[in-house]
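To start, the structure under review is shown below, and the notes come after it.
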Amino acid sequence: MIKLNILDMSGFLQIVNRCSGEVRAVFPDGEWRDLNKSYAAQKVLWDQFRENRGSLCLKLDFQKPEDYISIVYYYISGI
Numbered sequence: 001m002i003k004l005n006i007l008d009m010s011g012f013l014q015i016v017n018r019c020s021g022e023v024r025a026v027f028p029d030g031e032w033r034d035l036n037k038s039y040a041a042q043k044v045l046w047d048q049f050r051e052n053r054g055s056l057c058l059k060l061d062f063q064k065p066e067d068y069i070s071i072v073y074y075y076i077s078g079i
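So the sequence shown is numbered by my numbering: it starts at 1 and just counts up by one.
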């Protein structure tokens, strides 16, 4: 599990949708939900991102290690 502060939601979700396994996030109700190609869950994140004026702190868990590496690489390359 990792915790990230997302500043580019569009880029982040593009990477998530390229993942081969589940990319789960904790939602406000405390439940873990898969984000990978789950556009309803992604809409909830977009709404939170806008409410927070362009940033969103997420706790993420990955089914496959290669997906974890993809997200971390995206995150560190954008900073």
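C-beta: ideal position from N, C-alpha, C; glycine also.
What's the C-alpha gap between residue i and residue j?
i	j	result
C57	L7	9 Å
N17	S10	11 Å
N36	G21	7 Å
Y74	L4	11 Å
S77	L13	15 Å
Which same chain residues end up closer than 8 Å to residue i when comparing Cβ atoms and leaving out the 5 residues on each side of it in sequence?
i	result
S92	For residue 92 there is no data in the structure shown, the boundaries of the chain being 1 and 79.
E51	none
Heavy atom of the ligand ATP less than 6 Å from the Cβ of residue i, yes or no?
i	result
G54	For the ligand ATP, the structure offers nothing, since it holds no ligand at all.
Starting from the C-beta of residue i, find all residues in its chain whose C-beta is less than 6 Å away, skip the five residues before and the five after it, and write them out in chain order.
i	result
D34	E22 and R24
Check your understanding: Does the region 64–79 come close enough to the region 24–33 that 3 or more CB-CB pairs lie under 8 Å?
Key -> no
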